[in-house]
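Peer 1: Here the protein sequences line up with chains A, B, C and D, keeping their order. First residue of the first sequence? That's 4 in the working numbering, and the numbers climb one at a time after it. First residue of the second sequence? That's 4 in the working numbering, and the numbers climb one at a time after it. First residue of the third sequence? That's 4 in the working numbering, and the numbers climb one at a time after it. First residue of the fourth sequence? That's 4 in the working numbering, and the numbers climb one at a time after it. C-beta atoms are modelled at their ideal positions from N, C-alpha and C, and glycine is treated no differently. Note that the coordinates shown come from a computational prediction; the quantities given were computed from them, not determined experimentally.
There are 4 protein chains.
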Amino acid sequence: MRALPRDVTISIGVMWTMWNKLLIKTIPSKFVHEIRKFSVSKMAKSRFEYVKSFEQSDTLLKNCWIVVRVDGKGFHKFCDVHGFDKPNDRRGLNLMSLAAVNVMLEFNEIVVGYGQSDEYSFVFKRDSTVYERRRDKLVSYVASLFTAAYIFNWQYIFKDSLPLKYPPAFDARAVLYPTDENLRDYLSWRQADVHINNLYNTTFWNLVASGLTNAEAETRLRKTLSSDKNEILFSEFNINYNNEPAMYRKGTVLLRKKVTVADNKSLSLIVPIFDDMIGDKFWQTHPELLDGKAKSNDPFDIGADIEHVLVQYQIEKHNKRKEGMKRKHETS
Amino acid sequence: MRALPRDVTISIGVMWTMWNKLLIKTIPSKFVHEIRKFSVSKMAKSRFEYVKSFEQSDTLLKNCWIVVRVDGKGFHKFCDVHGFDKPNDRRGLNLMSLAAVNVMLEFNEIVVGYGQSDEYSFVFKRDSTVYERRRDKLVSYVASLFTAAYIFNWQYIFKDSLPLKYPPAFDARAVLYPTDENLRDYLSWRQADVHINNLYNTTFWNLVASGLTNAEAETRLRKTLSSDKNEILFSEFNINYNNEPAMYRKGTVLLRKKVTVADNKSLSLIVPIFDDMIGDKFWQTHPELLDGKAKSNDPFDIGADIEHVLVQYQIEKHNKRKEGMKRKHETS
Amino acid sequence: MRALPRDVTISIGVMWTMWNKLLIKTIPSKFVHEIRKFSVSKMAKSRFEYVKSFEQSDTLLKNCWIVVRVDGKGFHKFCDVHGFDKPNDRRGLNLMSLAAVNVMLEFNEIVVGYGQSDEYSFVFKRDSTVYERRRDKLVSYVASLFTAAYIFNWQYIFKDSLPLKYPPAFDARAVLYPTDENLRDYLSWRQADVHINNLYNTTFWNLVASGLTNAEAETRLRKTLSSDKNEILFSEFNINYNNEPAMYRKGTVLLRKKVTVADNKSLSLIVPIFDDMIGDKFWQTHPELLDGKAKSNDPFDIGADIEHVLVQYQIEKHNKRKEGMKRKHETS
Amino acid sequence: MRALPRDVTISIGVMWTMWNKLLIKTIPSKFVHEIRKFSVSKMAKSRFEYVKSFEQSDTLLKNCWIVVRVDGKGFHKFCDVHGFDKPNDRRGLNLMSLAAVNVMLEFNEIVVGYGQSDEYSFVFKRDSTVYERRRDKLVSYVASLFTAAYIFNWQYIFKDSLPLKYPPAFDARAVLYPTDENLRDYLSWRQADVHINNLYNTTFWNLVASGLTNAEAETRLRKTLSSDKNEILFSEFNINYNNEPAMYRKGTVLLRKKVTVADNKSLSLIVPIFDDMIGDKFWQTHPELLDGKAKSNDPFDIGADIEHVLVQYQIEKHNKRKEGMKRKHETS
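(1) Between the stretch 83-91 of chain A and the stretch 133-148 of chain A, can you find at least three pairs of beta-carbon atoms closer than 8 angstroms?
(2) Using a C-beta to C-beta distance shorter than 8 angstroms, which residues of chain B count as neighbours of residue 185 of chain A?
(3) Please classify residue 324 of chain A: does DSSP put it in a helix, a strand, or coil?
(4) Ordered along the chain, which non-local residues of its own chain (more than five positions away) have a Cβ less than 7 angstroms from that of residue 302 of chain B?
(5) Do you know offhand how far residue 107 of chain A's Cα is from residue 225 of chain B's?
(6) Beta-carbon separation of residue 122 of chain A and residue 193 of chain A under 9 angstroms?
(7) How long is the line joining the alpha carbons of residue 217 of chain D and residue 205 of chain D, rounded to whole angstroms?
(8) Give a yes or no on whether 9 angstroms exceeds the smallest Cβ distance from residue 342 of chain A to chain D.
(9) Return the chain-ordered list of same chain residues with a C-beta closer than 6 angstroms to the C-beta of residue 317 of chain B, the five sequence neighbours on each side being excluded.
(10) What does a CB cutoff of less than 7 angstroms around residue 189 of chain D pick up in its chain, not counting 5 residues either side in sequence?
(11) Taking a cut of 7 angstroms between CB atoms, which residues from the stretch 55-84 of chain C lie near chain B?
(12) Based on Cα-Cα distance, which residue from A/223, A/222, A/72, A/293 lies nearest to residue 141 of chain A?
(13) Going along chain C in order, which residues have a C-beta closer than 8 angstroms to the C-beta of residue 182 of chain B?
(14) Use the C-beta contact count for residue 79 of chain B: other C-beta atoms within 10 angstroms, 16 or more gives buried, fewer gives exposed.
(15) Looking at the unbroken beta strand (DSSP E) that takes in residue 205 of chain C, where does it start and where does it end?
(16) Which residues of chain B have a Cβ atom closer than 7 angstroms to the Cβ of residue 189 of chain A, listed in chain order?
(17) Give a yes or no on whether the C-beta atoms belonging to residue 209 of chain A and residue 120 of chain A are separated by under 9 angstroms.
(18) Do residue 242 of chain C and residue 223 of chain C count as a contact pair if the criterion is CB distance below 9 angstroms?
(19) Run through chain D and tell me which residues come within less than 8 angstroms of residue 192 of chain C, C-beta to C-beta.
(20) From residue 85 of chain B to residue 183 of chain B, what distance separates their C-alpha atoms?
(21) Would you kindly work out how many angstroms separate the C-alpha atoms of residue 125 of chain A and residue 115 of chain C, rounded to a whole number?
(22) Which chain A residues sit within Cβ distance under 9 angstroms of residue 154 of chain B?
(23) How about residue 258 of chain C and residue 289 of chain C: are their beta carbons less than 9 angstroms apart?
(24) Measuring only between beta-carbons, confirm whether residue 299 of chain B sits less than 9 angstroms from chain A.
(25) Of all the CB atoms in chain B, is at least one closer than 9 angstroms to the CB of residue 212 of chain A?
(26) Looking only at its own chain, which residues have a Cβ that is under 6 angstroms from the Cβ of residue 253 of chain D, when we skip the five neighbours before and after it?
(27) Can you tell me where the beta strand (DSSP E) holding residue 261 of chain A begins and where it ends?
(28) Under 8 angstroms, with one C-beta from each stretch per pair, do the stretch 158-165 of chain B and the stretch 51-58 of chain B reach the 3-pair mark?
(29) How would you write the range of the alpha helix (DSSP H) that residue 172 of chain C sits in, first residue to last?
(30) Checking contacts by CB at 9 angstroms: is residue 140 of chain C closer than that to chain D?
(31) Would you tell me roughly how many angstroms separate the C-alpha atoms of residue 326 of chain B and residue 333 of chain B, rounded to the nearest one?
(32) Below 9 angstroms between beta carbons: does that hold for residue 145 of chain D and residue 143 of chain C?
(33) In whole angstroms, what separates the C-alpha of residue 220 of chain B from that of residue 96 of chain A?
(34) Any Cβ of chain B within less than 9 angstroms of the Cβ of residue 176 of chain A?
(35) For a contact meaning CB atoms closer than 7 angstroms, what does residue 102 of chain D contact in chain C?
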């Protein structure tokens with residue numbers, strides 16, 4: 004909608020020409036841009052422009068892992084209104100992950116995404132310089148991108164079976180972790196959270212499905228330990244909790260991997276993984292996460308997950324882009 | 004998707020009962036909640052939970068005006084891909100304003116919205132306690148809400164004539180202004196900006212429409228003053244710039260007003276206004292903006308703008324809600 | 004102890020000469036300095052220098068009043084060890100004020116100082132640009148200056164009657180106030196604090212002086228109201244609290260005033276005032292405090308306070324400086 | 004000077020008694036304090052007290068090394084006025100280190116001090132909770148302590164040969180380093196700085212001593228490399244730079260060590276070390292610095308430095324304290 008005002012370049016014309024022709028190379032390059040910006044801003048400067056100086060920088064400390072976590076606002080109601088399955092709606096969770104994939108496609112500097120329930124965490128690598136590590140910019144843009152992708156891809160996931168009745172929204176926060184251990188503990192914390200919640204919710208909704216009211220189910224579960232809930236599930240509903248889908252029990256981990264697709268071609272994809280991150284094994288299997296110079300165990304054996312909607316989405320996108328370029332090439 | 008884990012309340016059962024029954028009234032109420040939260044978190048506390056303490060509060064200074072401004076990311080390309088009219092696309096601007104109206108419907112504490120080009124500013128009143136004035140929360144949620152409303156209402160504005168090819172995104176920042184004068188200067192700054200840009204762009208695109216290449220038009224305008232551009236528009240294109248639509252020249256101001264609609268009924272609406280905010284008159288006409296206790300000049304005479312898409316959108320929404328409640332009432 | 008390393012200027016010699024001789028005037032002046040700094044730093048840059056970029060700016064919001072308050076660390080013990088009078092040691096309080104005067108002589112941008120007990124508040128004017136409003140610099144330097152002046156002037160106040168047994172220390176904090184009302188309320192808060200504490204302490208120490216143990220005096224005062232304490236003072240000790248020295252009841256306000264000293268000469272001095280700041284009168288009497296453009300009621304009628312140690316200290320300092328300059332002049 | 008107002012405890016008397024007698028153990032201990040504070044503050048609360056809420060916390064990120072560096076203000080002039088030797092004044096540097104020792108005696112959580120020229124850096128360990136890691140408190144108190152100790156110990160170092168003409172002041176800043184490598188690089192940066200400056204200054208002042216004006220010496224050194232300066236020192240002044248005192252070339256490192264003093268008794272002392280910190284050897288010799296659990300190579304062989312003024316100062320202090328306790332014991 005906007006083009007840069009060009010009349011600002013008038014007054015610095017002579018100066019500019021001299022610089023460009025004679026001296027530009029003697030000025031440290033970072034200043035060429037700075038000086039230009041300054042000159043431009045000076046011209047445009049009205050007596051009001053001083054207000055810009057009230058902006059306060061909030062730069063995230065260097066060499067720390069940056070975790071940006073988005074959280075759904077009022078998702079309890081959102082799930083009710085849209086009749087999501089309880090305790091887990093497979094398509095709803097996949098749409099969250101699809102939104103996350105789109106965030107990761109925008110930010111190369113995200114090394115891991117991790118989602119559960121109505122939240123998604125994105126881990127930016129230590130040396131990320133994204134938006135000069137400005138907190139405002141980062142949290143707002145990630146929240147916006149996530150929201151945009153969630154809404155735009157609603158139909159991709161739900162087809163015409165479920166119309167979006169109103170748009171959801173998300174907030175975001177940024178947290179810094181100085182050491183690898185702190186980062187691992189952060190991800191472990193979120194994964195421990197999904198375990199506790201999902202075991203409770205699975206038992207709760209099975210009790211409700213069996214005829215209890217919500218209040219009765221709650222009373223029944225009050226004071227129970229994990230083992231008690233496992234026992235209820237097994238003895239009353241014939242459910243072995245450990246056989247529940249890994250996505251529900253572990254959440255979704257998103258990693259960047261080279262994947263061999265059809266015809267032995269290799270694609271860089273963001274792949275969903277449903278593994279335990281609390282133990283050491285995960286980090287030994289994916290050494291590139293903590294150590295940017297470590298060799299990834301490529302190509303990644305994606306197995307049956309090649310059919311996963313997140314993977315198919317990316318392959319389709321890749322193919323469309325390729326076709327688009329091909330067509331362009333043929334036209335020209 | 005999530006329910007609170009209830010087994011955490013076990014271990015504090017006895018204590019809790021005593022409190023509830025005997026002493027609850029002797030404890031300052033703010034602590035009842037705090038203690039409960041603490042007890043709950045203590046139970047849920049795994050060895051990982053310490054990572055939560057790495058979150059750093061960034062609370063916006065009290066008693067300052069908070070301005071949250073959202074800015075489109077890559078909107079130049081977005082406008083091109085969707086074939087928006089140049090230099091101004093009326094529907095595109097209205098969709099921005101419709102998104103802004105939705106943000107203002109969510110946050111009562113916004114007293115003014117102001118939009119131009121691909122940006123929108125929201126002014127939260129001095130004593131706003133929204134999200135405890137946490138910067139992260141505020142900027143991310145406003146950006147998300149705005150994005151959600153923009154995408155969700157795309158069809159409301161463009162009907163089926165223009166499909167959304169990909170979703171746009173926005174970032175946001177928060178800036179504090181300690182005095183009313185600073186706040187007025189902020190809004191004047193943004194409004195001066197739209198004037199400079201729009202005069203340039205109007206001339207530029209008329210030159211292009213008349214046959215010049217972009218580069219030729221740019222060369223033609225280099226070193227021209229405002230008066231030169233007015234002259235070009237008038238003498239070459241028979242355009243009196245001052246007769247251009249106020250929305251293009253002034254941007255859109257959104258204010259909360261009581262409006263008399265059909266049947267002498269009065270509705271609280273967010274109304275679009277296209278007035279100059281730089282002079283004193285605007286602030287004298289709307290004294291309630293700077294002084295929460297000042298009487299608003301209600302009911303606001305909306306005139307022909309009753310037909311404005313932003314107003315109609317809100318009236319429709321209001322009517323639907325009323326009908327919904329009526330139906331509910333009849334059913335029960 | 005240090006001189007700037009000059010060998011860093013070598014490599015930019017040619018460039019620098021060209022600039023200085025030919026083009027310096029065409030570069031916006033603020034960049035000349037920036038570029039020089041950059042070039043210098045680039046030269047000095049070792050592979051370690053990157054660590055400097057971990058410093059995080061913490062700039063205090065513009066156009067707010069900045070209050071820096073210093074607080075004594077462990078002053079209870081410090082007063083005991085030095086046998087200060089209880090509840091108030093006149094000389095101890097004057098030494099605090101003398102330290103404060105020295106801080107205000109260093110920072111022209113402080114408009115008011117206010118001290119009571121072991122704390123002193125300094126109000127920097129709204130548009131102060133001291134240290135680019137960097138929080139770290141400001142609080143640490145004020146704390147250091149205050150400490151230095153307190154220790155260095157110990158003997159000026161206590162003469163040889165009381166040696167300094169160990170040096171005291173102070174911390175400092177910076178707080179921002181957006182409006183004049185907020186600032187006035189801050190000062191009122193501190194002054195209300197001295198009233199409550201001093202009335203309590205005066206009664207407490209009179210009770211102790213009359214033979215009660217500390218514990219007995221505390222028990223006696225438990226649950227008493229202000230009126231009760233006034234009554235105890237009056238009926239048991241024949242003390243009318245309102246006749247106690249204003250410095251003890253009101254604390255010390257330091258203002259910059261033009262004062263007529265001997266021979267009708269006028270000096271700019273920092274004068275101590277022991278007035279109530281809670282009511283409006285104080286602010287009407289000194290309109291220049293809130294409004295930098297308001298006319299001060301100069302010359303200030305200092306009355307008997309011309310003999311106050313703080314005033315005499317400054318007059319002596321002034322005279323010494325004048326004599327020093329005179330001598331210098333005669334020598335040359 | 005101040006005692007806590009005790010009348011605030013009135014109104015919560017009944018509540019308090021019940022708590023203390025019956026339930027205190029059932030409330031998480033952290034809340035007992037919180038509730039008490041709240042109740043107290045509530046009572047003392049005037050209509051002004053709200054201003055306290057304008058204080059903004061600035062908590063230093065957890066699990067990072069905190070470096071607080073104090074820097075002399077206007078030390079060039081201070082050195083001139085007091086006639087300090089150039090380029091290095093041994094006693095002046097020792098006084099800096101003595102001030103630093105006093106800071107380290109106050110803060111157990113400082114693991115390394117490092118000083119050169121008019122600056123001193125203090126490294127707080129990663130898990131330090133000093134002042135809840137509040138930036139304001141930390142930088143202001145360290146600056147104040149350092150200043151206090153510098154002035155108070157002036158006579159200890161300079162005896163009566165050099166009176167303190169005016170008190171010096173220092174500012175301070177806090178910087179965070181997330182990794183051990185970053186911290187080592189910080190210290191290497193400061194140590195590389197002293198090398199560059201000291202070589203320059205040593206050559207410069209020898210040239211001046213040999214008869215050149217300051218300007219001539221500066222011209223002579225312009226464009227010289229390190230090797231050139233070494234050559235000048237050697238050929239013209241017969242000085243092998245590497246034989247200059249290590250304290251001048253390397254700065255002063257302060258470490259906590261167990262030292263064997265007279266009679267095979269072991270004392271915990273802060274010892275000065277003049278070693279290179281850039282290579283690995285230093286860190287291998289003192290593994291306890293980076294790893295709090297590593298075994299220190301105690302007792303530390305202090306050698307001739309047992310006579311160093313910093314060490315003697317601490318031994319004297321230790322002996323005085325012991326004698327004081329002995330005397331107390333004999334009296335009672």
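Peer 2: In this structure, then:
(1) no
(2) 54, 57
(3) helix
(4) 261, 262, 263, 269
(5) 41 angstroms
(6) Cβ atoms of residue 122 of chain A and residue 193 of chain A: closer than 9 angstroms.
(7) 13 angstroms
(8) Outside the modelled stretch of chain A, which goes from 4 to 335, sits residue 342 of chain A, for which no answer is possible.
(9) Closer than 6 angstroms at the Cβ level, and outside the excluded window around residue 317 of chain B, lie 272.
(10) 70, 180
(11) 64, 66, 67
(12) A/72
(13) What residue 182 of chain B touches in chain C: 66, 181, 182.
(14) exposed
(15) Residue 205 of chain C -> not in any beta strand (DSSP E); alpha helix (DSSP H) instead, spanning 183-212.
(16) 54
(17) no
(18) no
(19) 49, 51, 52, 54, 55
(20) 39 angstroms
(21) 49 angstroms
(22) Taking the beta carbon of residue 154 of chain B as reference, the chain A residues within 9 angstroms of it are 150, 151, 154, 155, 170, listed in sequence order.
(23) yes
(24) Chain A has no Cβ within less than 9 angstroms of the Cβ of residue 299 of chain B.
(25) Not an interface residue.
(26) 277
(27) 255-263
(28) The stretch 158-165 of chain B makes no contact with the stretch 51-58 of chain B: fewer than 3 CB pairs, one atom from each, lie closer than 8 angstroms.
(29) Taken as a continuous stretch (DSSP letters only), residue 172 of chain C belongs to no alpha helix (DSSP H), as it is neither H nor E.
(30) yes
(31) 10 angstroms
(32) yes
(33) 51 angstroms
(34) yes
(35) Residue 102 of chain D does not reach chain C, its nearest Cβ partner there being about 10 angstroms away, counting only Cβ pairs nearer than 7 angstroms.
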